[in-house]
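Numbering (the UniProt record's numbering), first residue to last: 1 to 483. We treat Cβ as the ideally placed atom computed from N, Cα and C, and that holds for glycine.
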Amino acid sequence: MRLGLATHLLQTNYARAPRTIVISYRGYAEPLKKVKLSTLDNLISRRLHRLTFGMYLWTTTILVAVYVAYEESQNIQRVINAIENGSKELDVVLNDPWLNREKEKSELKAFLLSPTRRYKPKFNLVTGIRGCGKSALAAESVREMADRVIYINFIKGDEEPALVETIARAIDYHPLMAVHHLPLFKMLIYTVRNLVSPPNKSFTDVMNVINLATERMADEDTSDLFRYPLFVIDNVGSLVDDDKNRLLTCLVERSRYARDNNLYSTVLIANDENGTLSKIKAQSGSSRIGILYEVRNVTHQQAESYLKQKFKNTGMLSDTDAEKLVRQYTGGRLQAIHNSIEYLSDGQDVDSIINAGVAFVESRLRGSLSIHDWKRKPDAFAVWSLLKKMHNVNGSCLYEDAYQWILHAKYGSEGEMIEQQEAENITALLEKLVREGVLARIHSNPIRLRFHNRLVKTFVERELQREVVLDMLLVNFNLYENQ
1 MRLGLATHLL
11 QTNYARAPRT
21 IVISYRGYAE
31 PLKKVKLSTL
41 DNLISRRLHR
51 LTFGMYLWTT
61 TILVAVYVAY
71 EESQNIQRVI
81 NAIENGSKEL
91 DVVLNDPWLN
101 REKEKSELKA
111 FLLSPTRRYK
121 PKFNLVTGIR
131 GCGKSALAAE
141 SVREMADRVI
151 YINFIKGDEE
161 PALVETIARA
171 IDYHPLMAVH
181 HLPLFKMLIY
191 TVRNLVSPPN
201 KSFTDVMNVI
211 NLATERMADE
221 DTSDLFRYPL
231 FVIDNVGSLV
241 DDDKNRLLTC
251 LVERSRYARD
261 NNLYSTVLIA
271 NDENGTLSKI
281 KAQSGSSRIG
291 ILYEVRNVTH
301 QQAESYLKQK
311 FKNTGMLSDT
321 DAEKLVRQYT
331 GGRLQAIHNS
341 IEYLSDGQDV
351 DSIINAGVAF
361 VESRLRGSLS
371 IHDWKRKPDA
381 FAVWSLLKKM
391 HNVNGSCLYE
401 DAYQWILHAK
411 YGSEGEMIEQ
421 QEAENITALL
431 EKLVREGVLA
441 RIHSNPIRLR
451 FHNRLVKTFV
461 ERELQREVVL
471 DMLLVNFNLY
481 ENQ
């Protein structure tokens, strides 16, 4: 039997009663379903709202996509503009009036400028011990040179996305920057874009952007006065890590490629300690890093004068205490000097500052290396013998001499007969002292070791005095027993 739908309006007075539709099969008296027209209106309204929202969403997405595509076409030009302008807005406080380092700054500026004025770009290295002030000197020099000089400072502990963003901000490359660093409108646009398609913040990608921008700069500027861009990359030691070794490899390879293909010059800045330079040089391979410039500490006289002037007429630091603080705590390290100023300003006295520093050094010599247990622990005895000998030669010695001193302390005249495993243990012991911040490696030729800082020397001097006192007590005790 053929069935058809019949629709009957049972109530037609729309003003007084709700509208109802009766849907039934033809030939049946009973309606199968009743639907109020007000409900139908709501249904249609919801459908229209969904359609409107969908159209709005698609329209917004298309507009964002079009704008992002336009931005992509402008990104490289924006990077070129950033490189042309250079890092002019660095926030650097290089010197107080009482600590003048104009000579060091002039030398460093001459070193940084030299590769940009020659026929081919260079790949050079600036080094110095931790806390010598090389970062402040480099940043101030870059700010004064400005045009076509970009300063990038890595932060120790940052992972790859943060490192990529650091570079992206330096060259104003928006796609790899965090949105909160962008103007409001672009922040909203890139927020939507990142939700739809999250960017892959790759170290290789951002280095490719630099290569692409500098290639275009070289193609567009064919004048004889063309000056190669210079990238000064600070704290490269933050990449000397097993997890980030590939990033260091990428940085060195791209810097080498840029030099060999006449794109830009690179100057890496790293600490001269704990294997950093050896790993960077190893990464450079046969195409070696060019010139190496070393930033040195300030002199003790400069440090003392600086502290005296800083606390002049305050009654917080006498001339004698200033000399003591430099001799036993800061040495010529700017970072240590600034730390001591902070501690003094907080109300600490000189002795407590020095004692806290010495206690920290002692904490690095723990367990099997505890100096106080050297009579019972062979490694501790060997380390103490090494530190005493280094103290006698002004805190510095050849790596090979340090090895021989430990060898003799542990094995005496039989040291020449030790097995390969024992020889490796001695090397591991020296490396542990470097890793713990007791010694530092100087990558000269041949390699040398030195006390990591002034506090290590102060610690050794105090232990020697303590040893003398104990020996005197022991002698007096023996004399008393023999009476």
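Q: Assuming residue 486 and N262 form a contact by the criterion Cβ under 8 Å, report the distance between their Cβ atoms to the nearest whole angstrom.
A: The chain is shown only over 1 to 483; residue 486 falls outside these bounds and no answer can be derived.
Q. Are there 16 or more other CB atoms within 10 angstroms of the CB of A356, so buried, or fewer, so exposed?
A. As a position in the sequence shown, residue 356 is number 356, starting the count at 1. With fewer than 16 neighbouring CB atoms inside 10 Å of its own CB, A356 falls in the exposed class.
Q: Grab me the residues of F154's own chain with a C-beta within less than 8 Å of its C-beta, minus the 5 sequence neighbours each way, in chain order.
A: By one-based count along the sequence shown, residue 154 stands at place 154. Hits under 8 Å: L163, T166, I233, D234, N235, V236, S238 and L239.
**Q.** For T127, the three-state DSSP class (helix, strand or coil)
**A.** Walking along the sequence shown from the start, residue 127 turns up at place 127. Three-state DSSP puts T127 in a strand.
(Q) Buried or exposed for E424, going by 16 or more other Cβ atoms inside 10 Å? (A) Working through the sequence shown from its first residue, we reach residue 424 at position 424. With fewer than 16 Cβ atoms within 10 Å of its Cβ, E424 is classed as exposed.
Q.
Give me, in chain order, the residues of the same chain whose beta-carbon lies closer than 6 Å to that of G437; leave out the 5 immediate sequence neighbours on both sides.
A. Taking the sequence shown and counting its residues from 1, one reaches residue 437 at position 437. Excluding residues within five positions, the ones whose Cβ falls inside 6 Å are R364 and H452.
Q) For E89, which three-state DSSP category applies? A) Taking the first residue of the sequence shown as 1, we reach residue 89 at position 89. Here E89 sits in coil by DSSP.
(Q) Please list the terminal residues of the continuous beta strand (DSSP E) segment that includes D234. (A) In the sequence shown, residue 234 corresponds to position 234, counting from 1. Per DSSP, the continuous beta strand (DSSP E) segment holding D234 begins and ends at L230 to D234.
Q.
Looking at the secondary structure, which residues open and close the alpha helix (DSSP H) in which residue 484 lies?
A. Limits of the chain in this structure are 1 at one end and 483 at the other, which puts residue 484 out of reach.
Q) Among A440, S340, T320 and R462, which one has its Cα closest to the Cα of A359? A) Locating residue 359 in the sequence shown gives position 359, counting from the first residue. Comparing Cα-Cα distances from A359 to each of A440, S340, T320 and R462, the minimum goes to R462.
Q. What whole-angstrom Cβ distance do A139 and L90 have, given they're in contact under 8 Å?
A. Here residue 139 refers to the residue found at position 139 when the sequence shown is read from its first residue. Here residue 90 refers to the residue found at position 90 when the sequence shown is read from its first residue. A139 to L90, Cβ: 5 Å. Contact.
Q.
Looking at residue 486: is its Cβ nearer than 8 Å to the Cβ of Y329?
A. Because the chain in this structure spans residues 1 to 483, residue 486 falls outside the shown range and cannot be described.
Q: Measure the Cβ-Cβ separation of residue 488 and Y399 and say whether it is below 8 Å.
A: The first residue shown for the chain is 1 and the last is 483, placing residue 488 beyond what the model contains.
Q: May I have the straight-line CA-CA distance separating D241 from T276, to the nearest angstrom?
A: Along the sequence shown, read from residue 1 onward, the residue named residue 241 stands at position 241. Along the sequence shown, read from residue 1 onward, the residue named residue 276 stands at position 276. Each residue's CA atom was taken as its position, placing D241 and T276 some 10 Å apart.
(Q) Under 7 Å: does the beta carbon of A168 sit that close to some heavy atom of the ligand HEM? (A) Although the ligand HEM was asked about, the structure shown includes no ligands whatsoever.
Q.
Here's a check: name, in chain order, each residue in its chain whose Cβ is nearer than 6 Å to the Cβ of V142, leaving out the five neighbours to either side.
A. Taking the first residue of the sequence shown as position 1, residue 142 is located at position 142. Counting only Cβ-Cβ distances below 6 Å, and skipping sequence neighbours, we find S87, V149, Y151 and V232.
Q: Assign S370 to one of three DSSP states: helix, strand, or coil.
A: Numbered from 1 along the sequence shown, position 370 holds the residue referred to as residue 370. Of the three classes helix, strand and coil, the one that applies to S370 here is coil, per DSSP.
**Q.** Residue span of the beta strand (DSSP E) that contains I150, given as start and end
**A.** Your numbering for residue 150 matches position 150 in the sequence shown. Where I150 is concerned, the enclosing beta strand (DSSP E) starts and stops at V149 to N153.
**Q.** Identity of the residue in S368, R216 and H391 nearest A380 by Cα
**A.** By 1-based counting over the sequence shown, the position of residue 380 is 380. Of the candidates S368, R216 and H391, the one whose C-alpha sits nearest the C-alpha of A380 is S368.
(Q) In whole angstroms, give me the CA-to-CA distance for Q465 and R130. (A) What you label residue 465 is simply residue 465 of the sequence shown in a count that begins at 1. What you label residue 130 is simply residue 130 of the sequence shown in a count that begins at 1. Looking at the two C-alpha atoms, the distance is approximately 29 Å.
Q. Between residue 562 and C132, is the Cβ-Cβ spacing less than 8 Å?
A. Because residue 562 is not part of the residues shown, which for the chain are 1 to 483, the question remains open.
Q. Whole alpha helix (DSSP H) runs in the stretch 277-363 with 4 or more residues, listed along the chain?
A. Runs of the alpha helix (DSSP H) inside the stretch 277-363: 300-310, 319-325 and 334-345.
Q.
With distance defined between alpha-carbon atoms, name the residue in W374, L317, S135 and I426 nearest to G347.
A. Looking up residue 347 in the sequence shown gives position 347. Minimum Cα distance to G347 is reached at L317.
Q | Backbone secondary structure at A270 - three-state DSSP | A | Here residue 270 corresponds to residue number 270 of the sequence shown, with the count starting at 1. When secondary structure is reduced to three states using DSSP, A270 falls in the strand class.
Q | Through-space distance from D147 to N85, alpha-carbon basis | A | As a position in the sequence shown, residue 85 is number 85, starting the count at 1. As a position in the sequence shown, residue 147 is number 147, starting the count at 1. If you draw a straight line from the Cα of N85 to the Cα of D147, it is about 5 Å long.
Q: Could you name the residues of the same chain whose beta carbon sits closer than 8 Å to that of K156, not counting the 5 residues immediately before and after it, in chain order?
A: Within the sequence shown, numbered from 1, the residue matching residue 156 stands at position 156. Cβ neighbours of K156 beyond the five flanking positions: N235, G237 and S238.
Q: Answer yes or no: do A258 and T204 have a C-beta to C-beta separation smaller than 8 Å?
A: Residue 258 sits at position 258 when you count from the first residue of the sequence shown. Residue 204 sits at position 204 when you count from the first residue of the sequence shown. Taking 8 Å as the Cβ cut-off, A258 and T204 do not qualify as a contacting pair.
(Q) Give me the residue from R254, R246 and R296 with the minimum Cα distance to A270. (A) As a first step, residue 270 is located in the sequence shown; it is residue number 270 there, counting from the start. It is R296.
Q. Considering only residues of the same chain and omitting the five flanking positions on each side of L247, which have a CB-CB separation below 8 Å?
A. On the sequence shown, residue 247 is found 247 positions in, with the first residue counted as 1. Once the five neighbours on either side are set aside, the close Cβ partners of L247 are E160, L163, F203 and L239.
Q. Taking Cβ to Cβ, would you say L125 is nearer than 8 Å to I280?
A. Here residue 125 refers to the residue found at position 125 of the sequence shown. Here residue 280 refers to the residue found at position 280 of the sequence shown. Yes; because the gap between Cβ atoms is below 8 Å, this pair is in contact.
Q. A168: which of M207, M145, D158 and E144 sits nearest, CA to CA?
A. Start at 1 with the first residue of the sequence shown, and residue 168 comes out as number 168. Closest by alpha carbon: M207.
Q. Looking at the structure shown, is S202 part of a helix, part of a strand, or coil, going by DSSP?
A. Here residue 202 corresponds to residue number 202 of the sequence shown, with the count starting at 1. The answer is coil: DSSP assigns S202 none of H, G, I, E or B.
Q: Give me whichever residues DSSP pairs with S385 in a beta bridge.
A: Locating residue 385 in the sequence shown gives position 385, where the first residue counts as 1. None, per the DSSP bridge assignment.
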